[in-house]
Amino acid sequence: MDIYAAVEGSTAAIGYGLAAIGPGIGVGLVFAAYIQSTARQPESSRMTLPYVWIGFAVIEALALLGIAFGFIWSGA
387 MDIYAAVEGS TAAIGYGLAA IGPGIGVGLV FAAYIQSTAR QPESSRMTLP
437 YVWIGFAVIE ALALLGIAFG FIWSGA
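Here the sequence shown is numbered in my numbering, starting from 387 and rising by one per residue.
Right, dumping it as structure tokens:
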């Protein structure tokens, strides 16, 4: 049974590592959309910047919730 506990811990770390790819892609898409919209209409950059930071904060909050739930469900 000791081998199973070692494997379970490793799979939790691998699981969160794979789950962290999603927020990384999301942050990239948010900033790519901001850069593209600013390139198309430079005068709107000040108006759209707060939405970039709100999107970034929401994506990162979901990533932190993912790691928190991983710890809660693993019982650590």
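Note that beta-carbon positions come from the ideal geometry of N, C-alpha and C, so glycine has one too. All values derive from a computational prediction rather than experimental measurement.
Query, Result
"As assigned by DSSP and simplified to three states, the class of A406", "coil"
"Exposed unless 16 or more other CB atoms sit within 10 angstroms - verdict on I407", "exposed"
"Cβ-based neighbour list, I445, same chain, cut-off 6 Å, excluding 5 preceding and 5 following", "P409, G412, V413"
"Member of Y402, L435, A454 whose CA lies at the smallest distance from the CA of V416", "L435"
"Secondary structure of Q427, DSSP reduced to three states", "coil"
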